[in-house]
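One structure is given below, encoded as structure tokens.
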Amino acid sequence: MRLPTFPGGIHPPDNKATTAAKAIVACPLPEELIVPMLQHIGAPAECCVTVGQHVAKGELIGTAVGPVSVPIHAPTSGEVSAIEPRLHPVGRYLPAVVIRPDGSDRWHDDLQGSDPNCLNPDELRQLLQQAGIVGLGGATFPTHIKLSPPPDRSIDTLIINGAECEPYLTGDHRLMLEEGPNIVDGILILRRILGVKRVIFGIENNKPDAIAAMSKLCAASPIKVQPLPVKYPQGAEKQLIEALTGRQVPSGKLPMDCGAIVQNVGTAAAVSAAIRQGRPLVERITTVTGPGIRTPQNLRVAIGTPLSHLIEQCGGLSDEPGKIILGGPMMGNAQMSLAVPVIRGTSGLLVLRRQDVSLAKPGPCIRCGRCVSVCPIHLQPTVIALCARLGLVEMADTYNALDCIECGCCTYNCPATLPLVQSIREIKGSVMEHKRKH
Amino acid sequence: MLTAVACLGGIGLVAATALGIAAKKFAVEVDPKEAAILAALPGANCGACGEPGCSGYARAVAEGRLAPNLCPPGGQQTAEALAAILGVKVRVKDPAVAVVICQGGDELAQQKYHYLGMADCNAAQKLAGGPKSCPAGCLGLGSCVRACLFAAITITPDHRAVIDRAKCTGCEQCLKVCPRQVIIMAPKAVTTHVLCNSHDKGAEVRKYCQIGCIACNICKKISSEAYLIENFLARVNYAQAGQAVAAIAKCPMKCIRDLADNNESAGAVAEAETPAA
């Protein structure tokens, strides 16, 4: 049978074999945790502790500001040693709370679990907001907002994203194998909040063990596990919806406009922990991998752990690093320092050696059209990038620059190694600014 | 054959008459002053006056909304011509030129990461504040070059912008696109400048740049009137710029330069090439 998928896309080498069979290991706490106040899309949280204060694991250290925001919690028990701007994965110094762990890793006493079946959807959403739950696929959009579609949109499908299409990353894969029951529980809570009947769980075909495990766990529930072909970006929200429901999200619209809401498997597990045990989001699974790492592993990491500590736990660097990327190689962000901490969206730490990185200077566009043929949104990346170089904002808009999902397929495929995604991202900013003004 | 000629000729005659009448009847009245002003403007459409182009400025001047001395590319000549058309007297502004206050090329200033992206300073600046370790130095990706309508800016082989003082009209378009405010406007008569834009403390500057101002105060000791030091960065006091030359040779970081001979780029290239040779 042909498996459902989306048009376009690419097949980069997945490089998952190094860590796919390795069980998740708890990463020991470092000497200090750097917890930034901005770890989600939306307004940064506001620090509500003072230097010298003792905090327990899961205690509130940053309060949410405004509707699109979530609070930040202490990832372990210890003393607040500083509140100052620290280097953030975005490359700037942003406000952070620095915590010196006391070693006991004691949970806060006030955290109490509850039975999701005794709560109504609004109460559940509020609990998720208080627990700081955000989309753990990497975008870190606050989950309670995503679960609150306006009343005029009717949602009929909940999609669970277990595709993990980024090369190298295996955190979601391991989570499905090791914490399947928690994921299923989280999915059922999400289903209850949205009040939908249909739940489709998409998993890429390169994880047959995860498909088998989840199918077994979901057999008695209304969740339908659907294998997907291996293709990047299969796990992108709009592509996943198209593959699983056959519906296309209209240009300029959101998934909820075609009746679907997508949640990542990691988010589902975090939802279960937040409701059943009252535990806020203070740790995540991060795949530390790449040819530059001596012993790659899947680690359960406290938020705020510096990258240098992760590398130390994985046997150190095997060679001089050429590129250090937070996230996957397709959409991740290159870093310039190992002092940067793991945040809620850090799905992986990929270290490439000098010899693995191409430093070729971009050449001229030869109009071969390879970027056009792989674009999953059917855009013309080369034309939009040209608009960016020439500053043609209105023309970029007519070529639907704003619909670009920045998946990186075009850049990956460009024989001239042009920075297409960067150019498109640049002009997207200008288009949005232009639209605000006019 | 004859019919065709007669037909086309007839259509031509009727159309010409109609157009002629329309041109007279629906003629748009243009203030003769405005037309004269437009003719006297250089026609660069650079936008330095604040209007979108020369015709907009011509209208604004004719209507009395803008002063006639706001056209930097035209300079004194244009201002006087405009004043003559309007029948007023005008004080011509001192001509100003843009100066890139950074000499930290590839060899002298450190990079915090290797940038291979889009050749645009604003795009690079968004990636962790740009590849240059110095937070204020020239990124050398040429956003100002593309903004300059007079081809007065070039990028040196060691990747920093330099301005041709003879070609610069002072329209300030380069200032608007620079993400690091490393281009400043200065009176054309002042030729001595401190070519550094970093307000970091001296020890910090030394870490990332071999040719940055460390605020050591030596220039101020030599000619106290000619230099101002604010926020760990020396600046030439334009009112007393004549005395500034004396400190050039004494600057330990070699970041004070005389730009009078307009060969800043040539000099810097030679310097950059020497270590390689």
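Residue numbers (my numbering), protein chains in the order written: chain A, 1 to 438; chain B, 1001 to 1277.
Note that CB positions come from ideal geometry on N, CA and C, so glycine has one too.
Given the structure is predicted, the values throughout are model-derived calculations rather than measurements.
What does B/L1141 touch in chain A if you count any residue whose Cβ is under 8 Å from its own? For the purposes of this step, residue 1141 of chain B is identified with residue 141 of the second sequence, where counting begins at 1. Near B/L1141 there are no residues of chain A at all, since even the closest Cβ is about 12 Å away, more than 8 Å.
Tell me the rounded alpha-carbon separation between A/L128 and A/S114. On the first sequence, position 128 is the one that residue 128 of chain A refers to. On the first sequence, position 114 is the one that residue 114 of chain A refers to. About 12 Å.
Should A/M432 be flagged as near chain B, meaning a C-beta pair shorter than 8 Å? For this step, residue 432 of chain A is matched to residue 432 along the first sequence. It does not; no Cβ of chain B falls within 8 Å.
A/T19 and A/T346 closer than 8 Å at C-beta: For the purposes of this step, residue 19 of chain A is taken as residue 19 along the first sequence, with counting starting at 1. For the purposes of this step, residue 346 of chain A is taken as residue 346 along the first sequence, with counting starting at 1. No, they are not a contact pair.
Name the residues in the segment 400–434 of chain A whose C-beta lies less than 7 Å from a C-beta of chain B; which are they? P419, Q422, S423 and E426
What span of residues does the alpha helix (DSSP H) with B/A1004 cover, start to end? Here residue 1004 of chain B refers to the residue found at position 4 of the second sequence. Segment L1002 to K1025, the alpha helix (DSSP H) holding B/A1004.
Three-state secondary structure assigned by DSSP to B/V1030: Counted from its first residue, the second sequence places residue 1030 of chain B at position 30. Three-state result, B/V1030: coil.
Determine which residues share a DSSP beta bridge with A/N333 and list them. The residue labelled residue 333 of chain A in the question sits at position 333 within the first sequence. A/L326.
Classify A/H54 as helix, strand or coil using the three-state DSSP reduction. Indexing the first sequence from 1 puts residue 54 of chain A at position 54. Note: A/H54 maps to strand in three-state DSSP.
May I have a chain-ordered list of the beta strand (DSSP E) segments no shorter than 3 residues that lie completely inside the segment 69–110 of chain A? 78–87 and 93–101
Taking all protein chains shown into account, do 16 or more other C-beta atoms lie within 10 angstroms of the C-beta of A/N117, making it buried, or fewer, making it exposed? Position 117 of the first sequence, counting from 1, holds the residue named residue 117 of chain A. Exposed: under 16 other Cβ atoms inside 10 Å.
Can you find a CB in chain B that lies within less than 8 Å of the CB of A/M336? Locating residue 336 of chain A in the first sequence gives position 336, counting from the first residue. So, interface residue.
Give the secondary structure of B/H1193 by DSSP, where H, G and I count as helix, E and B as strand, and everything else as coil. Stepping through the second sequence from its first residue, residue 1193 of chain B is reached at position 193. In the structure shown, the three-state DSSP call for B/H1193 is strand.
A/I303 to A/C365, Cα distance in whole Å? The residue you call residue 303 of chain A lines up with position 303 of the first sequence. The residue you call residue 365 of chain A lines up with position 365 of the first sequence. Using only the alpha carbons, I get a separation of about 42 Å.
Any C-beta of chain B under 8 Å from that of A/R86: As a working mapping, residue 86 of chain A is identified with position 86 in the first sequence. Not a single C-beta of chain B is nearer than 8 Å to the C-beta of A/R86.
Note down, in chain order, each residue of its chain lying with its Cβ closer than 6 Å to the Cβ of B/F1232, except the 5 sequence neighbours on either side. By 1-based counting over the second sequence, the position of residue 1232 of chain B is 232. For B/F1232, where only same-chain residues beyond five positions count, the Cβ hits under 6 Å are H1199, K1201 and A1215.
Leaving out five residues on either side along the sequence, give the residues of the same chain with a beta carbon under 8 Å from the beta carbon of B/S1133. Within the second sequence, the letter at position 133 stands for residue 1133 of chain B. Cβ neighbours of B/S1133 beyond the five flanking positions: A1109, Q1110, Q1111, K1112, K1207, Y1208 and C1209.
Below 8 Å on the Cβ atoms is my guess for A/L38 versus A/L87; work out the distance and round it to an integer in Å. If you number the first sequence from 1, residue 38 of chain A lands on position 38. If you number the first sequence from 1, residue 87 of chain A lands on position 87. Rounded, the Cβ-Cβ distance is 13 Å, inconsistent with contact.
Under 8 Å between C-beta atoms, does A/K361 make it to chain B? Working through the first sequence from its first residue, we reach residue 361 of chain A at position 361. Yes, A/K361 lies at the interface with chain B (some Cβ there is under 8 Å from its Cβ).
Among the residues of its own chain, which have a CB less than 8 Å from the CB of B/A1266, if the five just before and after it don't count? Within the second sequence, residue 1266 of chain B is the residue found at index 266, counting from 1. Unreliable positioning characterises B/A1266 in this predicted model, as indicated by a pLDDT of 42, which lies under 50. A coordinate reading is not provided.
For A/S104 versus A/S81, is the C-beta spacing smaller than 8 Å? Taking the first residue of the first sequence as 1, we reach residue 104 of chain A at position 104. Taking the first residue of the first sequence as 1, we reach residue 81 of chain A at position 81. In this structure, A/S81 does not lie closer than 8 Å to A/S104 by Cβ.
What are the boundary residues of the beta strand (DSSP E) that B/E1051 is part of? What you label residue 1051 of chain B is simply residue 51 of the second sequence in a count that begins at 1. Counting along the chain, B/E1051 falls outside any beta strand (DSSP E), and DSSP gives it neither H nor E.
contact_flag[the segment 374–393 of chain A, the segment 409–424 of chain A] where n(CB pairs < 8 Å) is 3 or more: Yes: at least three Cβ pairs fall under 8 Å.
Integer-rounded CB distance, given that A/P255 should sit under 8 Å from A/F6: In the first sequence, counting from the first residue as 1, residue 6 of chain A sits at position 6. In the first sequence, counting from the first residue as 1, residue 255 of chain A sits at position 255. Not confirmed; about 13 Å, so no contact.
So if I threshold CB-CB distances at 7 Å, which residues from the segment 1121–1148 of chain B count as touching chain A? Among the residues of the segment 1121–1148 of chain B, those with a Cβ less than 7 Å away from any Cβ of chain A are A1123, L1127, A1128 and G1129, in the order of the chain.
DSSP-derived helix/strand/coil call for A/M176: Taking the first residue of the first sequence as position 1, residue 176 of chain A is located at position 176. The answer is helix: DSSP assigns A/M176 an H, G or I state.
Between which two residues does the beta strand (DSSP E) harbouring A/L228 extend? As a first step, residue 228 of chain A is located in the first sequence; it is residue number 228 there, counting from the start. Segment I223 to L228, the beta strand (DSSP E) holding A/L228.
What span of residues does the alpha helix (DSSP H) with A/V282 cover, start to end? Position 282 of the first sequence, counted from the first residue, corresponds to residue 282 of chain A. No alpha helix (DSSP H) holds A/V282; DSSP gives it neither H nor E.
Which partner residues of B/M1185 appear in the DSSP bridge assignment? By 1-based counting over the second sequence, the position of residue 1185 of chain B is 185. For B/M1185, which the question treats as bridged, DSSP gives the partners B/A1098.
Using CA atoms only, rank isn't needed, just tell me which of B/G1105, B/T1191, B/N1217 and B/H1114 is closest to B/A1136. Within the second sequence, numbered from 1, the residue matching residue 1136 of chain B stands at position 136. Closest option to B/A1136, Cα to Cα, is B/G1105.
Rounded straight-line distance, which links the Cα of B/P1052 to that of A/D443: Any property of residue 443 of chain A remains undetermined from this structure, which presents chain A solely from 1 to 438.
Quick one: using the 10 Å Cβ neighbour count with 16 as the cut-off for buried, is A/A439 buried or exposed? Absent from the model: residue 439 of chain A. The displayed extent of chain A is 1 to 438, so no value can be given.
Expressed to the nearest angstrom, what Euclidean distance is found between the alpha-carbon atoms of A/C47 and A/G66? Residue 47 of chain A sits at position 47 when you count from the first residue of the first sequence. Residue 66 of chain A sits at position 66 when you count from the first residue of the first sequence. Their Cα atoms are separated by approximately 14 Å.
Report the option in A/E204, A/N205 and A/G162 whose CA atom is closest to the CA atom of A/V184. Indexing the first sequence from 1 puts residue 184 of chain A at position 184. For the residues A/E204, A/N205 and A/G162, the minimum Cα distance to A/V184 belongs to A/G162.
Give the straight-line distance between the Cα atoms of A/C218 and A/D14, rounded to the nearest whole angstrom. Position 218 of the first sequence, counting from 1, holds the residue named residue 218 of chain A. Position 14 of the first sequence, counting from 1, holds the residue named residue 14 of chain A. A/C218 and A/D14 have their alpha carbons spaced roughly 27 Å apart.
Who pairs with B/D1120 in a beta bridge, going by DSSP? As a first step, residue 1120 of chain B must be located in the second sequence, where it is residue number 120. Per DSSP, none; premise fails for B/D1120.
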